[in-house]
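Taking it in order: structure first as structure tokens, then the write-up.
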Amino acid sequence: MWEQPTRHALAAFEHADHEDQAFDALNTFARAVGADLLSYHHIDPPLSRADEAGGMPTINLMSHGFPDEWVRHYESSDYHRIDPITAFAAYQTRPVLWSNIPHRVRLSPAQQAYMEDLYRWLSPGDGLAVPLFGPSGRHGYVGIGWRKPIPPWDPVKRRAIQSVCESFHLRICELRLAGMERDFELTDVQMRILRAMASGQPDAIICGMVNLRPEALRTAIARTLTTMGVSDRPSAVLRAHALGLIDA
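Numbering-wise, this note's numbering puts 72 at position 91 of the sequence shown, and it's gapless, one number per residue.
Here is the structure:
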């Protein structure tokens, strides 16, 4: 039952040229395992875009099966900031049932209200919270839900769903990194300085690495920050990491 939908999904992810194509393939897999609801949260790392002055990660949402009114309410109310399901999943390595989360973590009043709002129309169904992990801090979450009681699954089946969702997420990461436009170009010396700063090297060591005097190094660093559209060294390293220019 699971092998053919899994193979089809993995092949579709590999050949997807656009994010919508990959999400359609994931939705096809979800329907094949009887799911009615699907949501995907992609978390862009801090400073992945120059207009993120606050340096906060942004969350991109894709969904299927949820009422339009719920999705609009979720986005307009910034529900992603209080959603206990996505918050809990971010610290897990295995999928967990939505209904189990209130029993495993203390919820704030706002989070409790969110869960009550969700189950007001979802009951007697349930869903799986699937944590996702990607390069350069590009993590995410897939929620896959059933609007009817679901039978207990063994851990292998939950891992199978997680494997398909993770493959989908990594394909989305590939598409985003490949299509990401940078509004700056760095010289070879600037890249060497940036890598040295990222590895925590002091200025005295960086001077020797790039053969610059301290005054010239400070000027080069200032120009690098200006070129990257940031105001300090940590932000430069964060942005370079988010854009895939340097390793973590």
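Note that the Cβ used here is the ideal one computed from N, Cα and C, for glycine as well.
Does DSSP put residue i in a helix, a strand or coil?
i     : result
A34   : Residue placement at A34 cannot be trusted, given a pLDDT of 45 that sits under 50; the coordinates are not used to answer.
A110  : strand
V145  : helix
H222  : helix
D228  : coil
L78   : strand
V115  : In the sequence on display, residue 115 carries Gly and not Val. Correct three-state label for G115: coil.
L99   : helix
H(-1) : coil
Q92   : helix
R62   : helix
P83   : helix
D135  : coil
F4    : helix
R157  : helix
R214  : helix
R140  : helix
R152  : helix
T9    : helix
Kindly list the residues whose CB is nearer than 8 angstroms to the CB of residue i, restricted to its own chain and excluding five residues on each side of it in sequence; keep chain order.
i    : result
C188 : R194, P195, L198
P105 : K129, P130
A91  : I63
P83  : P65, Q93, M96
R214 : M178, I202, L206
A34  : In this prediction, A34 has a pLDDT of 45, which is less than 50 and means its spatial position is unreliable; what the coordinates show is noted afterwards. Excluding sequence neighbours, A34 sits near nothing in its chain.
S212 : L206
V218 : L175, M178, A179, I227
P26  : P38, S117, G118, R119, L219, H222, A223
In this structure, what does DSSP give as the bridge partners for residue i?
i   : result
Y21 : M43, V123
V14 : Its beta-bridge partners do not exist; DSSP assigns none.
Leaving out the 5 sequence neighbours to the left and right, which residues in its chain are closer than 7 angstroms to residue i when beta-carbon positions are compared?
i     : result
A(-3) : A3, A6, R152
D17   : G46, G126, W127, R128
I227  : L175, R176, A179, A221
A13   : P(-14)
N8    : L19, H45
L113  : H120, G121, Y122, V123, C146, E147, H150
Starting from residue i, follow the alpha helix (DSSP H) in both directions and report where the run begins and ends.
i      : result
L206   : 195 to 209
R(-12) : -16 to -4
I187   : 184 to 191
W51    : 49 to 57
P65    : 65 to 70
V265   : With the chain covering -18 to 229 only, the question about residue 265 has no answer from this structure.
Give me, in chain order, the residues of the same chain whose beta-carbon lies closer than 6 angstroms to that of residue i; leave out the 5 immediate sequence neighbours on both sides.
i      : result
S20    : S44, G124
A(-10) : A6, F10, V145
T208   : F165
A(-7)  : A6
L109   : P76, I125
S80    : D107
Q171   : T205
V52    : S44
I40    : H22, I24, H61
Between residue i and chain D, is there a C-beta pair that is closer than 9 angstroms?
i    : result
P215 : The structure shown contains no chain D, having only a single protein chain.
Determine contact between the segment 110 to 120 and the segment 58 to 73, defined as no fewer than three beta-carbon pairs at a distance below 8 angstroms. yes
Using a Cβ distance threshold of 8 angstroms, determine whether the segment 44 to 62 contacts the segment 150 to 159, with at least three qualifying pairs required. Result no; under three Cβ-Cβ pairs closer than 8 angstroms.
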